[in-house]
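Report on one structure; see the data block that follows.
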Amino acid sequence: DDPENFVENLIRTANQRGGHDNSTAVAIFVSWTFLPNWLVRSEKFRTLLETKGNDARLLFSYGQALLEEGNTKEALKPLQSCTQDDSEWMMPRILLGKAYIQVGNLSAAKTWLEAALQLAINQKHEDPEAEIRELLADL
């Protein structure tokens, strides 16, 4: 999923659909200019982790970027590592709950979301609490 492959796939799709005009060129330019920032975000964090070590904030950002890029299974390990370093950090637990829902492991999702809910209550984070309660209700 690197930017070059993304653009090649975009061009191939546009050509298959008969798009050989300026609108296709504009779409390709916009995609090349703006989308690679999020497409390769996880790679930037992976590189930082390799050079700076397993900092919990970098692990969280790496896991979050992987989730945003659709690499849910890969995101599990760095997010779980975050929870080992900080038992009071709610956000990795919420993301783990969401990730486990995406991969179909509802039991693990419930465990992580219940832990996140307790932290949200204890820390008086009302918006995350409401989101977590909604996720749990849908399980």
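Under my numbering, residues -19 to 119 are what the sequence shown spells out, in order.
Where is the CB? At the ideal position from N, CA and C, for every residue including glycine.
Inter-residue Cα distance where the pair is residue i and residue j
{"i": "Thr4", "j": "Ile101", "result": "The predicted position of Thr4 is uncertain, since its pLDDT is 46 and thus under 50; a value taken from the coordinates is nonetheless stated next. Cα-Cα distance, rounded: 50 Å."}
{"i": "Ile43", "j": "Ala110", "result": "Reading the sequence as shown, one finds Gly at residue 43 and not Ile. Spanning the two alpha carbons is a distance of roughly 23 Å."}
{"i": "Leu115", "j": "Leu93", "result": "8 Å"}
{"i": "Leu59", "j": "Pro72", "result": "6 Å"}
{"i": "Ser41", "j": "Ala89", "result": "20 Å"}
{"i": "Asp65", "j": "Leu39", "result": "11 Å"}
{"i": "Leu99", "j": "Glu106", "result": "11 Å"}
{"i": "Arg21", "j": "Lys104", "result": "31 Å"}
{"i": "Leu28", "j": "Met70", "result": "23 Å"}
{"i": "Lys25", "j": "Ala117", "result": "Per the sequence presented here, residue 25 reads as Phe, with Lys not at that position. For Phe25 and Ala117, the distance between alpha carbons rounds to 33 Å."}
{"i": "Glu31", "j": "Glu23", "result": "As written in the sequence, residue 31 is Thr, which differs from the Glu given in the question. In a straight line, the C-alpha of Thr31 is about 12 Å away from that of Glu23."}
{"i": "Thr91", "j": "Glu49", "result": "24 Å"}
{"i": "Lys53", "j": "Thr63", "result": "17 Å"}
Min CB distance residue i to chain C below 8 Å
{"i": "Leu115", "result": "Among the protein chains of the structure shown there is no chain C, as only one such chain exists."}
Selection from the options that minimises the alpha carbon distance to residue i
{"i": "Asn51", "options": "Pro108, Asp118, Val83, His105", "result": "Val83"}
{"i": "Pro108", "options": "Arg21, Lys78, Lys53", "result": "Lys78"}
Presumed contact (8 Å Cβ cut-off) between residue i and residue j, rounded CB distance
{"i": "Leu46", "j": "Ala36", "result": "Not quite, the Cβ-Cβ distance comes to about 16 Å (not below 8 Å), so this is no contact."}
Residue i and residue j closer than 8 Å at C-beta
{"i": "Asn34", "j": "Ser61", "result": "yes"}
{"i": "Ala96", "j": "Ile81", "result": "no"}
{"i": "Leu119", "j": "Leu86", "result": "yes"}
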